[in-house]
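Trainee: With UniProt numbering applied, the sequence shown covers 1 to 710. Here it is: the structure, laid out below.
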Amino acid sequence: MTTLKTLDLSFNKLTGEIQLQNLPKKTYLTGNLLSGNIESGALSNSKSYIDLSYNNFSWSSNCQESINKYRSSYLKNNLTGLLPCAAPIQCSKYQRSLHINCGGENVTITNSFGKTTYQTDNSRQTTAASNQHFEYWGVSNTGDFTDDNNDLDEYFISTNSILSGDYPHDLYKTARRSALSLVYYAFCLKNGPYNLTLHFMEIRFLDKELYTHLGRRIFDVYVQGELFLRDFNIKEDANDTLKPVVKSMNVNVTDHMLEIRFYWAGKGTTLIPERGNYGPLISAISLCHHSLEPHCGAEIKHHMDYLLIWGASGALVAIILLALGIYARRKWKRANEKRERDMRAQGLQTVCFTWRQLQAATNNFNEANKLGEGGFGSVYKGELSDGTIIAVKQLSSKSSQGNREFVNEIGMISGLNHPNLVKLYGCCVDKDQLLLVYEYMENNSLALALFGKNFLKLDWGARQKICLGIARGLEFLHEGSTIRMVHRDIKTTNVLLDADLNAKISDFGLARLHETEHSHISTKIAGTIGYMAPEYALWGQLTEKADVYSFGVVAMEIVTGKSNTKQKGSVDHVSLINWALTLQQTGDIMEIIDPILEGEFNRNEAVRMIKVALICTNSSPSLRPAMSDAVKMLEGEIEIKQVMSDPGLYGHNWSFSKLSDLDKYGSSSTSGVTTDQTTTTIKSSVSDLYPLYPQSVIQTPTVELPSSSQ
1 MTTLKTLDLS FNKLTGEIQL QNLPKKTYLT GNLLSGNIES GALSNSKSYI
51 DLSYNNFSWS SNCQESINKY RSSYLKNNLT GLLPCAAPIQ CSKYQRSLHI
101 NCGGENVTIT NSFGKTTYQT DNSRQTTAAS NQHFEYWGVS NTGDFTDDNN
151 DLDEYFISTN SILSGDYPHD LYKTARRSAL SLVYYAFCLK NGPYNLTLHF
201 MEIRFLDKEL YTHLGRRIFD VYVQGELFLR DFNIKEDAND TLKPVVKSMN
251 VNVTDHMLEI RFYWAGKGTT LIPERGNYGP LISAISLCHH SLEPHCGAEI
301 KHHMDYLLIW GASGALVAII LLALGIYARR KWKRANEKRE RDMRAQGLQT
351 VCFTWRQLQA ATNNFNEANK LGEGGFGSVY KGELSDGTII AVKQLSSKSS
401 QGNREFVNEI GMISGLNHPN LVKLYGCCVD KDQLLLVYEY MENNSLALAL
451 FGKNFLKLDW GARQKICLGI ARGLEFLHEG STIRMVHRDI KTTNVLLDAD
501 LNAKISDFGL ARLHETEHSH ISTKIAGTIG YMAPEYALWG QLTEKADVYS
551 FGVVAMEIVT GKSNTKQKGS VDHVSLINWA LTLQQTGDIM EIIDPILEGE
601 FNRNEAVRMI KVALICTNSS PSLRPAMSDA VKMLEGEIEI KQVMSDPGLY
651 GHNWSFSKLS DLDKYGSSST SGVTTDQTTT TIKSSVSDLY PLYPQSVIQT
701 PTVELPSSSQ
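Okay, structure coming up:
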C-alpha cells in the first residue's frame, strides 16, 4: 500500500514472523509477539517514526546505526532486557547510591544527616523516543504521543503552581513522562540489599482546573522485571493533586544492575481532557545500599533508642489529643459514610470539588457573595480558577432531611441536560460540608424579578418567554427525559433567570421518580403551600399533574405580577386563581394583568396565558392538561375554546381543540368528559390551605364530582 501513511497494529497480541520493509511513515507495532530479523537497511525513511518495542525481533550486528538514524525505539522483550544494541558497561568502580531528579536540574537536599544531590535528568532530545546513557545510569523512552506535535518537550513537564507542605519542593516541580514505557537503568552497583524510593506527584491533571481535574493517569511499575505497582494512580493515591506520593521497597542487586520500568498499559485518560498527556510519570528516584543507612533515607535500624525516647515523650500528648477528638471525629465519620453509602446506593456519578476550591471561589463564603437563602442552606456566587462563574448551594450537614435532599438532588439532575433546567456542575462532601455547584444565573430567581425589592420591569415578551420556558422544562421532566420525574416544588423562587431572561428550573431536592403504580404518598407531604395541588396536599396523591397545578399558579403570578402566597392567612388575602375566576364571571378578566405593563401587551396572548393558568389549576387532576399540551396551548397550536367559570371544588371544567382538528385532544385523561355527576366525601378542615375552595364547599360534607373523571 504505497499511499498508506499510518499503520497502527499495537497491543493486539499478534504472533508470527514478518519482514520489515517499505513501512509507512508512522508504524506502530508495539505490544505484540511478532518476530523476525531486523536489518539496518530495512528502515530506509529517515523521516519516519517506527515503534517496534515490546516484541521478539532479532537484530543485526549494525542495528545501532538504524536506531540512531531514525525516530525509533526498540526493546527486545516484553518486560526485561536492555536496548539490544547497547554496548557492554565497563565499570571502573561500583556505586552504593543513586539519586535522580527526573526531568529537572541538579537539586541538593539538606537534612539532619547531611546533603544529598539529585542528578539532573533534563536533556531534551529531538526524537520522540530517546535513550540516554550517563556514567552510572541510563534512561529509555518508548512510544510516541501521536496527538502531540511538540517533539522537543513532550517527555518533560513542569508546574508553576505554588507547592505547600514540608518536603523538598524542587524535586516535584518537574517530572519525566512517556507515552508507553519509561525505563531507568542503574549500572555499576555494589551487589547487596538496597532501599529504592520513587517520588511521584500529579502536576498536570490539577483539581483547581474545572476540566483537567477529570483526567486519570494509570500505569504499572516493574522493578527487576517484577510487578511492584499495578494500576497506579498518583492523584488517587495522594487523594489530591500537587501532593507528593512516595513509594519504597527493598530490592536485592545481584548482577550490578537495577532496572525500573514505568509502563502504560492503555488505561486512563488519553485525548481528553488534555491532548498528549497520558502514560507513566515520575518526579525523582533514590537508591541506597543498606550499609549507608540512615543517610539515604532507608529504614533506621541503628538509632531505635532515639525513636523510643521520642515516641515515649509524645505518647501521652497523643493519647490526650486522641481522647478529646475521638467523639467528634467518629460522629463526623459516620455521617460522611452514610452520605457516601447513599450516593453509591443510587449509583451517583458527578464531579467532586474540594472544600478548598469552593472556599477560594466564594472568598471564604463571604456575605457579600450571598445570592439568597433557602430552607436548607444559603447560595453563594463564586469564581473558579479558570474564570468559570458558579453558584454554590451550601446545605446543612446536621439535618438528615438536608442529607436526603443533597443525595436526591444529585441523583435527579446529574444526568439531565435541557436548556430550561439548571446545570449541576458537581458537588462537595468535605469537612462536614454538603455543597452543590451550579451554573450561575445572572438575574437570580423569578420571584425576585417579579416581587423583589429591586424587581425587574419585565415586558410582556419576556414574561411570555419565561412562562413558555418553564412549561418546556416540565414537559422534558414528565415526558422527554429517560427518567420521568415529578418536581414537587415548582414555584417562582425555584425558577432562575440567566442574563437573557431564559427560565431554568432548579432545586430538585424534593423531586420524585414518576411511578404509575406508586402514586400515593403515605408519609410526610413536602412542598410549598399555595403551589401544591389539592389532591396531593389533602390525600397524598402524587402524579405529574401536581406539577401542572403548580405551573398554573406560577403562570398566573407571571401575568399578574403578584405572589400567590404573599400575606397568606390575612383577612383580605384572596387566591390569584379565585380572583381570576371571579373576574372572568364578571367579564373583567383584563383587570388581572400587571399594571406595570401599562397596557403594553398582546391581548390575545394574555388571555391565552390566563386560560392556560386556569386550566392547569383545575381542582380535578384528570381535567388538567399534560405539560406537552400546555406548551402547545401557550404557543397557540391548540386553541382553548372555553373555560367554565364555576370556581367550586372540581367545578371549573374546560374544553379546547387543536387548530388542525377542533374536536380532538390527545390526552386520554380528558377525552370524552361528560357532565354525569356522582358524590364523594372530603374529610378535611383546611379552609385556609386553598382559598380557591369556597367556605361553603369545605364545610359541607359532600361535594359533586364528574364521574368520568374518577
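No residue lacks a Cβ here, since even glycine has one placed at the ideal position from N, Cα and C.
If you draw a straight line from the C-alpha of Ala462 to the C-alpha of Thr560, how long is it?
Mentor: Each residue's Cα considered, the two are about 14 Å apart.
Trainee: Got a sec, what are the start and stop residues for the beta strand (DSSP E) Val429 sits in?
Mentor: It spans Leu424 to Asp430 - the beta strand (DSSP E) in which Val429 sits, taken as one unbroken run.
Trainee: Let me confirm a value: Asp547 is counted as buried when at least 16 other C-beta atoms fall within 10 Å, else exposed. Which label applies?
Mentor: Classification for Asp547: buried.
Trainee: So within the region 195 to 265, which uninterrupted alpha helix (DSSP H) runs reach at least 4 residues, ignoring any that extend past its ends?
Mentor: Complete alpha helix (DSSP H) runs here, min 4: 234 to 238.
Trainee: Since I believe Phe232 is in contact with Phe219 (beta carbons under 8 Å), could you give me their beta-carbon distance rounded to a whole number of angstroms?
Mentor: With a Cβ gap of about 6 Å, Phe219 and Phe232 count as contacting.
Trainee: Closer than 7 Å by C-beta to Ala447: which residues in its own chain qualify, once you throw out the five before and the five after it? Chain order, please.
Mentor: The residues are Thr492 and Thr493.
Trainee: Establish whether the CB of Asp255 and some CB of chain B are separated by less than 8 Å.
Mentor: Here chain B cannot be found, since the structure has a single protein chain.
Trainee: Give a yes or no on whether the C-beta atoms belonging to Ile589 and Ile558 are separated by under 8 Å.
Mentor: Result no, Cβ atoms of Ile589 and Ile558 do not sit closer than 8 Å.
Trainee: Name the two residues that bound the continuous beta strand (DSSP E) containing Leu434.
Mentor: First-last of the beta strand (DSSP E) with Leu434: Gln433 to Glu439.
Trainee: Any idea if Val392 is buried or exposed, counting beta-carbon neighbours within 10 angstroms, 16 or more meaning buried?
Mentor: Buried, by the Cβ-count rule.
Trainee: Do Leu435 and Leu358 have their CB atoms nearer than 8 Å?
Mentor: In this structure, Leu358 lies closer than 8 Å to Leu435 by Cβ.
Trainee: Buried or exposed for Arg603, please, with buried defined as at least 16 other CB atoms from any protein chain shown within 10 angstroms of its CB.
Mentor: Exposed: under 16 other Cβ atoms inside 10 Å.
Trainee: Between the beta-carbon of Asn32 and the beta-carbon of Leu4, is there less than 8 Å?
Mentor: No, the Cβ-Cβ distance between Asn32 and Leu4 is not below 8 Å.
Trainee: With 16 other CB atoms within 10 Å as the buried threshold, where does Phe262 fall?
Mentor: That one is buried.
Trainee: With distances taken between CB atoms, is the gap from Thr30 to Gly104 smaller than 8 Å?
Mentor: Contact: no.
Trainee: Who does Gln557 pair with in a DSSP beta bridge?
Mentor: Reading off the sequence, residue 557 comes out as Glu, not Gln. Per DSSP, none; premise fails for Glu557.
Trainee: Between Gly530 and Asn564, how many whole angstroms is the CB-CB distance? I'm expecting something under 8 Å.
Mentor: Yes, Gly530 and Asn564 are in contact; Cβ-Cβ is about 5 Å, under 8 Å.
Trainee: Would His99 and Gly192 be called neighbours here (beta carbons separated by less than 8 Å)?
Mentor: No, they are not a contact pair.
Trainee: Return the residue from the list Val612, Tyr222 and Ser620 that minimises the CA-CA distance to Ala533.
Mentor: With distances taken between Cα atoms, Ala533 lies closest to Ser620.
Trainee: Ordered along the chain, which non-local residues of its own chain (more than five positions away) have a Cβ less than 6 Å from that of Ser685?
Mentor: Residue confidence for Ser685 is low, a pLDDT of 31 falling below 50, so the modelled location carries little weight and cannot support an answer.
Trainee: Between which two residues does the alpha helix (DSSP H) harbouring Arg608 extend?
Mentor: Here the alpha helix (DSSP H) through Arg608 covers Arg603 to Cys616.
Trainee: Taking DSSP as the reference, what is the three-state secondary structure of Leu324?
Mentor: DSSP places Leu324 in helix when its eight states are reduced to three.
Trainee: Could you say which of Arg488, Leu501 and Pro419 lies nearest to Lys457 if we only look at CA atoms?
Mentor: When each option's Cα is compared against that of Lys457, the closest is Leu501.
Trainee: Taking its Cβ as the centre, do 16 or more other Cβ atoms sit within 10 Å of Ile18, making it buried, or is it exposed?
Mentor: So Ile18 counts as exposed.
Trainee: Pop quiz: residue 711 and Val139 are said to be a contact at Cβ under 8 Å. What is the actual Cβ separation, rounded to whole angstroms?
Mentor: In the structure as shown, the chain starts at 1 and stops at 710, and residue 711 therefore has no counterpart that could be examined.
Trainee: Using only CA atoms, which one of Met441, Ala368 and Pro419 lies nearest to Thr388?
Mentor: Selected option, being the one with the closest Cα: Met441.
Trainee: Give me the DSSP bridge partner(s) of Ile389.
Mentor: Answer by DSSP bridge pairing, in chain order: Glu383.
Trainee: On the DSSP bridge list, what partners appear for Asn122?
Mentor: BP columns for Asn122 are empty, so no partner.
Trainee: Note down the Cα distance separating Thr159 from Asn454, rounded to an integer number of angstroms.
Mentor: Taking the straight line from one Cα to the other gives about 46 Å.
Trainee: Between the region 179 to 190 and the region 157 to 171, do at least 3 Cβ pairs fall closer than 8 Å?
Mentor: The region 179 to 190, when compared against the region 157 to 171, does not touch it at the 8 Å Cβ threshold.
Trainee: Tell me the DSSP secondary structure of Phe57 in three-state form.
Mentor: Of the three classes helix, strand and coil, the one that applies to Phe57 here is strand, per DSSP.
Trainee: Mark Leu416 as exposed unless 16 or more other C-beta atoms lie within 10 angstroms of its C-beta, in which case mark it buried.
Mentor: Its Cβ being crowded by 16 or more others within 10 Å, Leu416 is buried.
Trainee: What number of angstroms, rounded off, separates the C-alpha of Gly314 from the C-alpha of Ile320?
Mentor: The straight-line gap from Cα to Cα measures roughly 10 Å.
Trainee: Could you name the residues that DSSP lists as bridge partners for Cys102?
Mentor: Its beta-bridge partners are Asp121.
Trainee: Within the same chain, show all residues whose beta-carbon is closer than 6 Å to that of Glu451, passing over the 5 residues directly before and after it, in chain order.
Mentor: Per the sequence shown, the amino acid found at residue 451 is Phe instead of Glu. The answer, listed in chain order, is Ser563.
Trainee: Distance, Cα to Cα, Ser481 vs Ala626?
Mentor: The straight-line gap from Cα to Cα measures roughly 15 Å.
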